[in-house]
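Student: Residue numbers (the numbering used here): 7 to 99.
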Amino acid sequence: NFTRARQDLQEVFDIASLSGMRLFLTDYHLEMARLLLEEGKVLNQNTPPQKETVQHHIDEATRLIKETGYHRRDQELLELQQAVKDYQQSLYD
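Below, the structure is given as structure tokens:
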């Protein structure tokens, strides 16, 4: 259920941002990008997901990883970036 997932992620964002928990904000951005990518795959098979929005979350996760040294998420970030590229490529095949 995409709606419930968005609500849950919004709660994470609200708590983490108010509390200054930047590692949790990083996780939020990674998960939100994944959610948007999945929504695009399920809901709009012939159009890419909201690329700017997905890219915004990837960019924010990248920035926070660099700023905080949260390199434990580097591999997840690379996999997410590849998933976006693969999905976009599949639309043109």
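Built from N, CA and C at the ideal position, the CB exists for glycine as well.
I'd like the span of the alpha helix (DSSP H) that includes MET38, first residue to last.
Tutor: Against the sequence shown, residue 38 aligns to sequence position 32. Unbroken alpha helix (DSSP H) run through MET38: 28 to 49.
Student: Put ASP99 into one of helix, strand or coil per three-state DSSP.
Tutor: Along the sequence shown, one-based indexing puts residue 99 at 93. Three-state result, ASP99: coil.
Student: Tell me whether the beta-carbon of LEU31 lies closer than 8 angstroms to the beta-carbon of LEU70.
Tutor: As a first step, residue 31 is located in the sequence shown; it is residue number 25 there, counting from the start. As a first step, residue 70 is located in the sequence shown; it is residue number 64 there, counting from the start. In this structure, LEU70 lies closer than 8 angstroms to LEU31 by Cβ.
Student: In whole angstroms, what separates the C-alpha of THR9 from that of GLY75?
Tutor: Along the sequence shown, read from residue 1 onward, the residue named residue 9 stands at position 3. Along the sequence shown, read from residue 1 onward, the residue named residue 75 stands at position 69. The alpha-carbon atoms of THR9 and GLY75 are separated by roughly 32 angstroms.
Student: For ARG10, report the span of its alpha helix (DSSP H) as first-last.
Tutor: If you number the sequence shown from 1, residue 10 lands on position 4. That run of the alpha helix (DSSP H) goes 8 to 25.
Student: Is ALA22 closer than 8 angstroms to ALA39 when the C-beta atoms are compared?
Tutor: Taking the sequence shown and counting its residues from 1, one reaches residue 39 at position 33. Taking the sequence shown and counting its residues from 1, one reaches residue 22 at position 16. No, the pair does not count as a contact, with Cβ atoms beyond the cut-off.
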